[in-house]
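In this note's numbering, the protein residues as written are 13 to 336. We put the CB at the ideal spot given by N, CA and C, even for glycine.
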Ligand SMILES: Cc1ncc(COP(=O)(O)O)c(C=O)c1O
């Protein structure tokens, strides 16, 4: 069985709080979770690998962009669990042996490349099935991991449980923050948090800062994920969907690309707290928090920023980070 989740620290960030006009700010240091540069995916991957092992798999297969934090975390956790890992990566994201791709290599991952550019293109399924067939032909037992696809509710449930840990951290410092802010790609983390905080009886809003999908797509998807995850856990969703507030003003100039606001956010976190963010996920989450003070989060209020990891990607954005 995979090792149990290790609690991650909740750090106070007083200088960053003051710079944002907040009375108190905490950073939930999910970047310190588990293996291979950590991140919000580690709790999800532990559940996914437990399911794969229970099904007798010896190889996990998944697909994403070439610099995917999820793929890198899956590769590291699979190595730790003694499972083979096969990644189908999108060539369009760049093939430079850097950042997460370099780590995939270090973790001994098998890599195939696809020319498909849209992760939802049905052609991807055929390519994954071909990899699974090749594993079977070698006598192996493959397990396909489709995040957010079939695995969505299971992955969101990891953060429903993670929210209980966060609620306990907050109780220990006698805090009831106005908001918990997190970057949203698939929004499985944000959905799980909204459900888990509801269950824990905390009134904090979850502010999901979309870095990829417009709200017209993300909102109905989140409502569905919350309902499916609640059903999987046997919980009542109560007001979980309403407490999740999504924003789309940080997506520009596009997924995987730094913005001026995220560049400034990375520099602000570094200079006030010695905290390392990246400009495409956590930097955009902090920029989203800054933009929301006085609106979703009252000026002089309090918040938690979930540091969802992503440090390996920072170094690919070096030229955008250097002050011009
Ligand atoms: C560093 C980082 N933060 C946040 C996210 C978003 O997580 P979710 O897909 O659960 O919304 C991701 C997703 O890849 C990520 O890599």
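{"Asked": "Pairwise C-alpha distance: residue 198 and residue 207", "Found": "16 Å"}
{"Asked": "Length at least 3, wholly inside the stretch 138-195: the beta strand (DSSP E) runs in chain order", "Found": "154-156"}
{"Asked": "Per-residue DSSP class, three states only, for residue 278", "Found": "helix"}
{"Asked": "Local conformation of residue 130 per DSSP, three classes", "Found": "coil"}
{"Asked": "Residue 287 versus residue 89: straight-line alpha-carbon distance, rounded", "Found": "25 Å"}
{"Asked": "Beta bridge counterpart(s) of residue 40 as assigned by DSSP", "Found": "22 and 318"}
{"Asked": "Proximity of residue 218 and residue 317 at Cβ, strictly below 8 Å", "Found": "no"}
{"Asked": "Residue 179 beta carbon less than 8 Å from that of residue 212", "Found": "yes"}
{"Asked": "Those residues which DSSP pairs with residue 98 across a bridge", "Found": "73 and 122"}
{"Asked": "Reference residue 23; option with closest CA among 209, 295 and 182", "Found": "182"}
{"Asked": "Contact check, residue 289 vs residue 295, beta carbons under 8 Å", "Found": "yes"}
{"Asked": "Contact test: residue 52 Cβ vs ligand 1 heavy atom, cutoff 7 Å", "Found": "yes"}
{"Asked": "Same chain only: Cβ atoms within 7 Å of residue 321, ignoring 5 sequence neighbours per side", "Found": "42, 43, 49, 50, 51, 52 and 81"}
{"Asked": "Segment contact flag, the stretch 258-272 with the stretch 155-174, C-beta cutoff 8 Å, min 3 pairs", "Found": "no"}
{"Asked": "Proximity of residue 129 and residue 69 at Cβ, strictly below 8 Å", "Found": "no"}
{"Asked": "Any beta strand (DSSP E) of 3 or more consecutive residues that is wholly inside the stretch 213-295", "Found": "217-222 and 256-259"}
{"Asked": "Beta-bridge pairing of residue 309 - partner residues as DSSP gives them", "Found": "305"}
{"Asked": "Assigned exposure category for residue 251 - 16 Cβ within 10 Å defines buried", "Found": "exposed"}
{"Asked": "Buried versus exposed, by CB contacts within 10 Å (16 or more), residue 327", "Found": "exposed"}
{"Asked": "beta-carbon residue 298 near ligand 1 non-hydrogen atom, thresh 7 Å", "Found": "no"}
{"Asked": "Residue range of the unbroken alpha helix (DSSP H) whose run includes residue 56", "Found": "53-66"}
{"Asked": "Residue 200 versus 141, 242 and 45, residue with shortest Cα-Cα distance", "Found": "242"}
{"Asked": "Same chain, Cβ closer than 8 Å to residue 11, five either side skipped, listed in chain order", "Found": "Limits of the chain in this structure are 13 at one end and 336 at the other, which puts residue 11 out of reach."}
{"Asked": "Run of the alpha helix (DSSP H) containing residue 333, from where it starts to where it stops", "Found": "330-333"}
{"Asked": "Residue 46 in three-state terms, based on DSSP", "Found": "coil"}
{"Asked": "Residue 256: CB within 7 Å of a non-hydrogen atom of ligand 1", "Found": "no"}
{"Asked": "Contacting residues, own chain, Cβ-Cβ under 6 Å from residue 291 (five flanking each side not counted)", "Found": "270, 274, 275, 278 and 329"}
{"Asked": "Pairwise C-alpha distance: residue 158 and residue 172", "Found": "19 Å"}
{"Asked": "Three-state secondary structure (DSSP) of residue 13", "Found": "Since pLDDT at residue 13 reaches only 41, below the 50 mark, its modelled position is unreliable, and the value read off the structure follows with that caveat. Coil, per DSSP."}
{"Asked": "Closest residue to residue 312 among 34, 109 and 60 (Cα-Cα distance)", "Found": "34"}
{"Asked": "Secondary structure of residue 108, DSSP reduced to three states", "Found": "coil"}
{"Asked": "Cβ-heavy atom distance, residue 199 to ligand 1, below 7 Å", "Found": "yes"}
{"Asked": "Cutoff 6 Å; reference residue 189; Cβ partners in own chain excluding five residues on either side", "Found": "216, 314, 315 and 316"}
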